[in-house]
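Per my numbering, the very first residue in the sequence shown carries number 10; after that it's consecutive. For reference, the structure discussed in these notes is given below.
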Amino acid sequence: MLSPLPDPPEELPPLLDTASAGPDDDVLHEYIDLFYRKYDSNINALILYGSYLSPALRKPTSFPDFILIGRDKRSVNLTFGQRCLYSFLPPHALSETISKRAGGPSRCKYYILTRDDFERATSTSPPDLAIAGRLGKRVAILRADAAYRSNLVQAWARSMALNGILALSDLPEIFDLDVFILGALRASYRAEFRMVEKGKIEGLLAAERDFYARAYGTILRHLERCGWVAGVGSSYRVAADPTDLHSLADPLIARSRRNGKWRLVKYILLFKNWTEYLVDKIERSQGERIHLTPLERRLPLIFAWRHFFRLLREDRLR
10 MLSPLPDPPE ELPPLLDTAS AGPDDDVLHE YIDLFYRKYD SNINALILYG SYLSPALRKP
70 TSFPDFILIG RDKRSVNLTF GQRCLYSFLP PHALSETISK RAGGPSRCKY YILTRDDFER
130 ATSTSPPDLA IAGRLGKRVA ILRADAAYRS NLVQAWARSM ALNGILALSD LPEIFDLDVF
190 ILGALRASYR AEFRMVEKGK IEGLLAAERD FYARAYGTIL RHLERCGWVA GVGSSYRVAA
250 DPTDLHSLAD PLIARSRRNG KWRLVKYILL FKNWTEYLVD KIERSQGERI HLTPLERRLP
310 LIFAWRHFFR LLREDRLR
């Protein structure tokens with residue numbers, strides 16, 4: 010049987026903290042101002058993740074993705090609908106818009122959840138990978154209360170370590186650091202029902218190779234010290250029992266995929282212009298613009314299924 014999940018290596022949080030700066034971007038400053046006006050002093054932290062973070066990954070159609078951590082349920086749920094639905098698989102996914110005077114995107118997506126739910130979502134035994142999967146990659150801490158920043162960096166370190174451990178169930182018999190990093194980056198995508206984007210994982214590694222080599226190299230060496238992997242020359246092999254690794258990874262990934270599908274219902278109800286967001290996302294990831302009829306645009310859950318089934322049939326949704 011596997012030993013308890015190891016804590017992240019002590020040297021990982023300081024490494025992440027030094028790499029946590031975000032772009033100095035007028036668009037981001039506008040969004041930060043918007044969030045702090047809207048939620049006032051109830052924000053513990055604001056995180057940027059996704060393609061907008063990296064110039065190498067950002068496209069003309071990219072827009073920022075954020076994780077907003079609030080103090081309590083009252084502070085993160087500003088409408089009746091949000092309050093009613095919050096306890097059903099947090100976080101919420103919401104959107105905001107800004108003017109284009111900064112010359113950038115007019116819309117963003119953000120996940121919002123309480124500090125307690127964020128701690129649960131990034132624990133060593135999270136309910137799913139909705140948040141921990143995103144924190145398995147490079148993110149930027151745009152704002153954080155001074156007293157909370159250390160907890161936030163520790164949560165990021167736990168999430169990266171967890172994604173590294175989940176990767177072990179999906180690796181070849183002998184692997185090197187790059188293969189390990191790709192497996193860790195792939196973990197969250199294995200746990201989501203999403204658009205297939207060819208070369209997505211390889212692109213993430215290429216864009217931030219130095220960061221991932223240092224962060225996941227630290228995690229890999231730590232797993233070797235803990236007996237989960239063993240060195241084979243300049244490469245590695247998985248030392249833990251494969252059955253045990255699958256018993257750890259498979260239920261979490263299956264639960265994440267199931268929860269993600271249920272969350273879609275909530276997102277559609279709460280996310281402004283959800284249909285437009287999906288159409289834009291398909292265009293960014295697939296290079297194809299879906300043209301909805303007026304009826305499909307007005308009532309997508311009833312009339313727009315033909316597009317969903319076509320993408321599924323073409324193996325562009327998994």
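Note that beta-carbon positions come from the ideal geometry of N, C-alpha and C, so glycine has one too.
Considering only DSSP beta bridges, list what residue i is partnered with.
i	result
TYR119	PHE75 and LEU103
VAL247	VAL238
PHE184	TYR245
ILE52	GLY79
Less than 8 angstroms between CB atoms is the rule here; does residue i satisfy it with respect to chain C?
i	result
LEU94	Judged by its chain identifiers, the structure shown contains no chain C, having just a single protein chain.
Distance check for residue j and residue i, CA to CA, integer angstroms please.
i	j	result
THR252	TYR120	34 angstroms
TYR198	GLU39	30 angstroms
LEU87	LYS275	15 angstroms
GLU233	ALA248	9 angstroms
ILE311	PRO303	12 angstroms
ASP74	GLY242	40 angstroms
ALA170	LEU257	14 angstroms
LEU308	ILE277	11 angstroms
TYR225	ASN160	20 angstroms
ASP179	ARG46	44 angstroms
ALA139	ILE76	11 angstroms
ARG264	ASP137	6 angstroms
On a Cα-Cα basis, can you pick out the residue from the options that is closest to residue i?
i	options	result
PRO181	ARG218, LEU232, ARG246 and LYS118	ARG246
ILE52	PRO99, GLN295, ASP81 and VAL36	ASP81
ILE190	GLU201, ASN160 and ALA222	ALA222
ILE210	ARG147, ASP126 and ARG272	ARG147
ARG266	PHE202, ARG218 and HIS300	PHE202
GLY173	SER159, PHE97, GLY90 and THR133	THR133
If you run the structure through DSSP and keep just helix, strand and coil, what is residue i?
i	result
LEU57	strand
TYR157	coil
ALA149	strand
MET10	Below a pLDDT of 50, predicted positions are generally treated as unreliable, and MET10, at 47, falls in that range; the measurement from the model is reported next regardless. It is coil, neither helix nor strand.
GLU323	coil
GLY212	helix
ASP35	helix
GLU343	Because residue 343 is not part of the residues shown, which for the chain are 10 to 327, the question remains open.
HIS300	coil
PHE189	helix
Quick one: measure Cβ to Cβ for residue i and residue j, integer angstroms, because I've assumed they're closer than 8 angstroms.
i	j	result
ALA164	PHE220	About 17 angstroms separates the two Cβ atoms, so there is no contact after all.
GLY142	ALA65	Incorrect: roughly 21 angstroms between the Cβ atoms, too far for contact.
GLY31	ALA149	3 angstroms
ILE41	LEU186	Not quite, the Cβ-Cβ distance comes to about 35 angstroms (not below 8 angstroms), so this is no contact.
PRO18	ILE228	7 angstroms
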